[in-house]
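A quick write-up on the structure given underneath.
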Amino acid sequence: MRKAIIAGNWKMNKTMAETKAMIEELKPLVENADCDVVLCVPFTDIQTAKRAAKGSQIKIGAENVHWAEKGAFTGEISADMLKELKVDYVIIGHSERRQYFGETDETVNKRVQAALNAKLKPIVCVGETEAEREGGLTEKVLERQLVEGLKGFKSKDFDKIVIAYEPVWAIGTGKTATATDANNTIGYIRHVLAKKFHKSIAEKTRIQYGGSMNVKNCKELMAMEEIDGGLIGGASLKADDFSQIVNYNK
Ligand code: 13P
2 MRKAIIAGNW KMNKTMAETK AMIEELKPLV ENADCDVVLC VPFTDIQTAK
52 RAAKGSQIKI GAENVHWAEK GAFTGEISAD MLKELKVDYV IIGHSERRQY
102 FGETDETVNK RVQAALNAKL KPIVCVGETE AEREGGLTEK VLERQLVEGL
152 KGFKSKDFDK IVIAYEPVWA IGTGKTATAT DANNTIGYIR HVLAKKFHKS
202 IAEKTRIQYG GSMNVKNCKE LMAMEEIDGG LIGGASLKAD DFSQIVNYNK
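The sequence shown lines up with residues 2 to 251 when you count with the working numbering.
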């Protein structure tokens with residue numbers, strides 16, 4: 002019912018030349034993919050990525066978006082600017098932005114609204130830190146991030162919104178949540194969506210897992226009932242690895 006979505010998050014990696022080379026290598030490797038294939042790339046790589054991905058099913062996303070339409074926000078990029086580049090997706094509220102750049106649930110909410118206004122598809126990241134997990138706060142933190150970050154959105158908005166569950170302790174560390182743990186926590190996220198939004202929203206919203214997902218563990222994670230996809234960091238930087246994850250069901 003929910004179409005799987007495998008998305009790469011390149012973070013602050015790749016020049017334009019590297020972008021072109023990687024996507025050209027990737028294109029033939031993912032042409033028979035059954036899932037949605039997305040690469041979220043640095044702003045400076047978007048145009049190159051769009052051109053290189055032409056004629057393939059690879060969709061291009063950005064890694065952040067500002068909430069204002071325009072104005073005095075040095076260094077920021079608006080949703081209309083991304084729309085002009087024909088970007089399809091945008092990551093919002095990644096834990097690295099929460100950790101290093103003062104992102105809050107409130108700014109996440111404003112960015113999601115701006116993205117939706119421009120008809121972009123937001124990939125909204127949620128997840129607990131190691132300390133929160135150890136303190137038994139995982140469910141509380143996730144509920145707050147979901148309720149505050151997605152406040153005010155209606156059923157039709159959730160046709161566009163993708164949620165990425167990324168436990169912060171699993172990002173770039175090589176530690177993955179076990180498939181069962183990830184499945185249970187994503188099940189909990191669905192429970193919060195049903196309780197705080199609507200049962201139909203819980204059923205239709207695509208929820209990815211992210212955090213050290215790779216060629217080895219992708220099959221097991223993707224076999225889980227609640228997991229609709231992956232948000233891949235390190236393993237999305239190499240065409241061979243990323244294509245194997247995209248083709249997890251082959
Ligand atoms: P890694 O796959 O490198 O752990 O990164 C996950 C991530 O943060 C994707 O957004």
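Built from N, CA and C at the ideal position, the CB exists for glycine as well.
Predicted model only: the values in this text are computed from it and were never measured.
Under the three-state DSSP convention, the category N10 falls into: Within the sequence shown, numbered from 1, the residue matching residue 10 stands at position 9. The answer is strand: DSSP assigns N10 an E or B state.
Of the residues A50, S79, V163 and V127, the one placed nearest D1, counting alpha carbons only: Because the chain spans 2 through 251 in this model, residue 1 falls outside it and cannot be assessed.
Closer than 8 angstroms: I233 CB and nearest the ligand 13P heavy atom: Your numbering for residue 233 matches position 232 in the sequence shown. For the ligand 13P, at least one heavy atom lies less than 8 angstroms from the Cβ of I233.
8 angstroms Cβ shell around K15 - same chain, five flanking residues per side excluded: The residue you call residue 15 lines up with position 14 of the sequence shown. Taken in chain order, the residues that qualify are M23, V42, P43, D46 and L238.
Reduced DSSP secondary structure (H/G/I, E/B, other) of V66: Taking the first residue of the sequence shown as position 1, residue 66 is located at position 65. Here V66 sits in coil by DSSP.
Residues near F159 by beta carbon distance below 6 angstroms, same chain, minus five either side: Start at 1 with the first residue of the sequence shown, and residue 159 comes out as number 158. Counting only Cβ-Cβ distances below 6 angstroms, and skipping sequence neighbours, we find I202 and T206.
Terminal residues of the alpha helix (DSSP H) in which Q245 lies: Taking the sequence shown and counting its residues from 1, one reaches residue 245 at position 244. Its alpha helix (DSSP H) spans residues A240 to V247.
G153 - partner residues in DSSP beta bridges: In the sequence shown, the residue the question calls residue 153 occupies position 152. For G153, which the question treats as bridged, DSSP gives no partner whatsoever.
Of the listed residues K155, S244, I6 and K84, nearest to L121 (C-alpha basis): Translated into positions along the sequence shown, residue 121 becomes position 120. When each option's Cα is compared against that of L121, the closest is K84.
Burial state of F102 (16 or more Cβ within 10 Å): Translated into the one-based positions of the sequence shown, residue 102 becomes position 101. With fewer than 16 other Cβ atoms within 10 Å, it is exposed.
Within 9 angstroms, strictly: CB atoms of T108 and W68: As a working mapping, residue 108 is identified with position 107 in the sequence shown. As a working mapping, residue 68 is identified with position 67 in the sequence shown. It is a contact, given that the beta carbons lie within the stated cut-off.
Separation of C126 from A80, as counted between CA atoms: Numbered from its first residue, the sequence shown carries residue 80 at position 79. Numbered from its first residue, the sequence shown carries residue 126 at position 125. Roughly 18 angstroms separates the two Cα atoms.
Residue burial classification, S96 (beta-carbon count within 10 angstroms, cutoff 16): Numbered from 1 along the sequence shown, position 95 holds the residue referred to as residue 96. Flag for S96 reads buried.
Straight-line gap, G137 to G235 (C-alpha atoms, nearest Å): Position 136 of the sequence shown holds residue 137. Position 234 of the sequence shown holds residue 235. Each residue's alpha carbon lies about 28 angstroms from the other.
Residue burial classification, M13 (beta-carbon count within 10 angstroms, cutoff 16): Stepping through the sequence shown from its first residue, residue 13 is reached at position 12. Looking at its Cβ environment, which holds fewer than 16 other Cβ atoms inside 10 Å, M13 is exposed.
I156 classed as buried or exposed, judged by whether at least 16 other C-beta atoms fall within 10 angstroms: As a first step, residue 156 must be located in the sequence shown, where it is residue number 155. Before going further, note that residue 156 is Ser rather than Ile in the sequence given. Exposed.
The stretch 134–153 in contact with the stretch 212–226 per 3-pair CB rule at 8 angstroms: no
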